[in-house]
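As C-alpha cells, the structure follows; a few thoughts come after it.
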Amino acid sequence: MEILENQTVVDLCAAPGGKTTYLAALMQNTGVLYANELCKDRTYSLKGNVHRMGVTNCIITNMDALDFSIKKVDRVLLDAPCSGTGIISKDKSVKTSKTASEIKKTQKLQQKLILHAFDMLKQNGFMVYSTCSFLVEENEEVVDYLLRNRKNARIDVPDVGIGRDGFTSFRGKDFSNELKKAKRIYPHVHNMHGFFYVKIKKI
Numbered sequence: 001m002e003i004l005e006n007q008t009v010v011d012l013c014a015a016p017g018g019k020t021t022y023l024a025a026l027m028q029n030t031g032v033l034y035a036n037e038l039c040k041d042r043t044y045s046l047k048g049n050v051h052r053m054g055v056t057n058c059i060i061t062n063m064d065a066l067d068f069s070i071k072k073v074d075r076v077l078l079d080a081p082c083s084g085t086g087i088i089s090k091d092k093s094v095k096t097s098k099t100a101s102e103i104k105k106t107q108k109l110q111q112k113l114i115l116h117a118f119d120m121l122k123q124n125g126f127m128v129y130s131t132c133s134f135l136v137e138e139n140e141e142v143v144d145y146l147l148r149n150r151k152n153a154r155i156d157v158p159d160v161g162i163g164r165d166g167f168t169s170f171r172g173k174d175f176s177n178e179l180k181k182a183k184r185i186y187p188h189v190h191n192m193h194g195f196f197y198v199k200i201k202k203i
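Sequential numbering of the sequence shown, starting at 1, is according to the UniProt record's numbering.
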C-alpha cells in the first residue's frame, strides 16, 4: 500500500493484530494508525500484540466498522470477515459449516464494508481489500461491486506481485478487466494458506 511515515492509516478489522503491528513498523511509529475491532474479546489480543511489539502510534477502537467514520485518510486495510475457505488446512470444519445463504450474507456485509472503507480515503489514497477465502463471491464479485458503484475507484498493481491473477469471468459472470491485477494465493501453488488481495486507488 506504499505505507509512509507520518500518514494516517486505518486497519478496519484489526484483531489479532499481526497486520496492525506490521503497518506500525512500516510507519516507523509515526503518524496515526487506527486499529478497529468489532468483537470486544478480540481486542485483548490486539492490545497485547500492539504492546508486545512496542507500537506507540496506534489508537485501538472497538466498534462496528461501518460506524468508524474518519475521512480523508491516506491508507485503509480491509481484511474483511469471510468464510475462511482459504484456511481449510487449519480448520477442517470450514468445508461443511458454511451454507450458501451464509456466504450470501457475508458477501452483503463485505460489499458494505468495501464501499465504506473506500469512502474514507482521501484523493490519491490507497486501500487493500483482502480475505482468506477462495470464493469468487467474496472476492472478485465484491471488488467488481465497488468498481460499479464508485467511478473514481481504480485497481492498482500490488506492491508485492505474488499470486495468480484475479478472475475477470467465472461461471458465466463477467467482471471488470481491472480484476486481472488482483492476486489469488493457492496453498498447492504457493505453499501457504489461501488468500485474495487487491490494491485499490481513489482517483
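Idealized CB from N, CA, C, for every residue including glycine.
| Check | Outcome |
| --- | --- |
| Residue 132 to residue 191 span [Cα, whole Å] | 14 Å |
| Straight-line gap, residue 72 to residue 121 (C-alpha atoms, nearest Å) | 5 Å |
| Residue 142 and residue 111 closer than 8 Å at C-beta | yes |
| Nearest-angstrom Cα separation, counted from residue 3 out to residue 23 | 7 Å |
| Exposure of residue 185, with buried meaning 16 or more beta-carbon neighbours within 10 Å | buried |
| Three-state class that DSSP yields for residue 195 in the structure shown | strand |
| Alpha-carbon spacing of residue 201 relative to residue 79, whole angstroms | 16 Å |
| Three-state class that DSSP yields for residue 85 in the structure shown | helix |
| Same chain, Cβ closer than 8 Å to residue 63, five either side skipped, listed in chain order | 36, 38 |
| Extent of the continuous alpha helix (DSSP H) run through residue 114 | 100 to 120 |
| Three-pair Cβ contact test at 8 Å for the region 124 to 140 versus the region 159 to 171 | yes |
| Pair within 8 Å by beta-carbon distance, residue 102 and residue 147 | no |
| C-alpha gap between residue 45 and residue 16, whole angstroms | 5 Å |
| Pairwise C-alpha distance: residue 128 and residue 76 | 7 Å |
| Strand pairing of residue 36, partner residues [DSSP] | 61 |
| For residue 1 and residue 126, the rounded distance between their alpha carbons | 6 Å |
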